[in-house]
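Residues in the sequence shown are numbered from 1 upward in steps of one, following the UniProt record's numbering.
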Amino acid sequence: MHRSRPADSRSRVEGTGQTKKSSEPPARGDRSGVPGRSPSATPRSSTAEGQALRPLIRGVYLPALLFSVGIGAMTPMVVVSATALGADGATAALLAALIPVGHILADLPAGAVTSRFGERATMIGSSAVAMVALAACALAPNLVVLGAGVLVAGGTAAVYGLARQAYLTEVIPPMQRARALSSLGGVGRIGIFVGPFLGAALVLGRPDPAPSYWLAAGTSLLSALVVWRGAPHETPRHHTPDRPRASTWSVLRDQRAIFLTLGVAVVLVGAMRGARQTVLPLWTESLGYSPAVTSMIFGIAGAVDMLLFYPAGKIMDRMGRLWIAIPSMLVTGIAMLFLPLTDALVTVGIVAVLLGLGNGIGSGVLMTLAADTAPEHGRPQFLGVWRLYSDAGMATGPLVVSAGAALGSLAAGIAATGGIGLLAVLALWRWVPRWSVHANRTTRRRAGVG
C-alpha cells in the first residue's frame, strides 16, 4: 500500500531532531506536542497508554460528550419547532439543513479563531455562544430567529470540534494519536446518539419542544464549566516576529498538494458518512415499514457504530492508518451496494449492521490523518480547511441519494453512493502512504519511525 515519493525531498526523522536525505516528502505533523518526548520512546504497555489518555477524560472527552448530547437533543426538534411556527415541510427541512450549513461556514474561521485564542479559550467561548443560540431557539417567536439560532448552533459545533481536535493533535504523541482521536470521535457519536432520547423524554406529552433546547443550552454551559475547570492550558504557540501567525490562505497555498490529492479522499469519505445517515430511513420508508421499525433499524446501526472506536484506534496506532481506513470504506461501500437488493426485514437489518460496522471502525480516521499531515506552523488553519473538505463531502452524500430518487430510482442513488465508497478506497490507498508516515508499517520503517 506504499507509493514512491518525489526524490531529493528532505524529511525529519521523528524523535531524533536529525535531517536526512530521503525519497519521501516531508513528514508532516508528526511531532508529539510534548517538549522533549520522543514518540518512539512512548511506553506501549496498556497501563501506560491508559495513563496517557486518562487526564484527557475530564478536560476533553467529558465536555465533548456534554456538548454532543446537546446537539443531539436539539437536532430532531428543529423541524418540530419550525412546523409549530407555521413552516411547511420544505421550509422546515431547509431550517434543519442550517446545522450542517453552519458547520461549513464556520470551518475556516474556526481555524483562525483557535490559532488566535488557543484551544481552551475557544472551547469555552464556543460553548457559551452555543448556549445563547440554543436559548434563542427555545424562545424563538418566528422562523427568522429560529433559523439564526440553528445556524449559529451549527457553527459553534464546528468551532468547538476543531478546537478539541487541535488540542489533542498538539499534546498526544503520534504513536497514541489514533486512539485519542478515535475516542474523541466515538464520544461525539455517543452524545449524538443519546441526546435525542434525553430530549424526547423531556418533551414527552408536551406540544412545546423548548425543553430540548434548554437541555442543550444546559449541556453547553456544563461543557464550558468542565473545560474551564479541567482542561490544562495549552502549550505556547510558536509565533515570533520572524514567524508570524499563519493565515488560512497561506496554509491552503503551502499545503495545496495535500488538499488536491488526499483531500479528494477526505471529500469521498465525508460523502459516504453523510449518505449513510440518509439511505436507511429512505429505503425502509420505500419498503413500507413503519416509523417504529425504521427507528429500530437506525438505532441498531447506531449502536454498532458506537462500540468499535477504541479497538479501531488501537489498530491504527499499532499497524497503521490504512488497516482501518480501507476496511471502513470497503465495508460501507459494499453495504450500500447491497442495500437496494434487500426487501425483507432481516436482510435490511444485516445491511444496517454492516453500515454501522463500517462507519464505527472508521471513527477518528479523518481526524487522525489530519493530525498526521498537519504542519506545526498553521496547524489550526490546516485543520479548518480539512474539516471544510469533510463537511462538504457530508453535505454532498445525501444529495447523490436525493438525485437518484428525483430521477425516479432511489435504488440507483443508493448504489451510486456505494460506488463513491469504492472510489474512497482507491483514493486512500493511493494517497495516504504519500502524506502520512503512519500509513502502515512499511512507511514507518522507511521513515525510521516506531
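Even for Gly, the Cβ is constructed at its ideal location relative to N, Cα and C.
- Remark: fewer than three beta-carbon pairs, one from each stretch, lie closer than 8 Å, so the region 332-340 and the region 196-203 are not flagged as touching.
- By the Cβ rule, the region 162-175 counts as touching the region 365-374, because three or more pairs are nearer than 8 Å.
- Per the C-alpha coordinates, the member of Ala-217, Phe-309 and Ile-350 positioned closest to Asn-359 is Phe-309.
- Contiguous alpha helix (DSSP H) elements confined to the region 156-213 occur at 177-203, taking only those with 4 or more residues.
- For Tyr-310, the uninterrupted alpha helix (DSSP H) segment begins and ends at 309-319.
- About 25 Å separates the Cβ atoms of Val-226 and Leu-366, ruling out a contact at the 8 Å cut-off.
- Annotation for Val-78: Leu-95, Ala-96 and Val-150 place their beta carbon closer than 6 Å to its own, counting only its chain and skipping 5 residues before and after.
- The continuous alpha helix (DSSP H) containing Arg-446 extends over residues 441-447.
- Looking at Asp-107, Ala-112 and Leu-146, the one whose alpha-carbon comes closest to that of Ala-157 is Asp-107.
- Secondary structure at Thr-342: coil, using DSSP grouped into helix, strand and coil.
- Shown here, Leu-85 sits in coil according to DSSP, grouped into three states, outside any helix or strand.
- In this structure, the straight-line span from the alpha carbon of Leu-143 to that of Ala-200 is close to 22 Å.
- The way I'd put it, the region 268-282 does touch the region 391-405; three or more beta-carbon pairs between them come closer than 8 Å.
- In the displayed model, Thr-75 falls within coil according to three-state DSSP, outside both helix and strand.
- The DSSP-derived three-state label of Gly-362 is coil.
- For the pair Gly-356 and Gly-299, the Cα-to-Cα distance works out to about 10 Å.
- Residue His-438 holds the alpha-carbon nearest to the alpha-carbon of Gln-176 among Tyr-160, His-438 and Met-131.
- Closest in alpha carbon position to Val-400, among Ala-140, Gly-302, Thr-294 and Arg-276, is Arg-276.
- DSSP places Leu-260 inside the alpha helix (DSSP H), whose first and last residues are 256-286.
- The C-beta separation of Leu-65 from Ile-190 comes to about 6 Å, placing the pair in contact by the 8 Å criterion.
- In this structure, Gly-313 is the residue among Gly-313, Leu-62 and Gly-288 with its C-alpha nearest to the C-alpha of Pro-174.
- In this structure Gly-205 is exposed. Its beta-carbon is surrounded by fewer than 16 other beta-carbon atoms within 10 angstroms.
- With respect to the 7 Å criterion, Pro-211 and Leu-202 are classified as neighbours on the basis of their beta carbons.
- The three-state reading of DSSP puts Tyr-61 in helix, counting H, G and I together.
- Here Leu-262 has Trp-431 and Trp-435 as same chain residues with Cβ atoms under 6 Å from its own Cβ, once five neighbours each way along the sequence are excluded.
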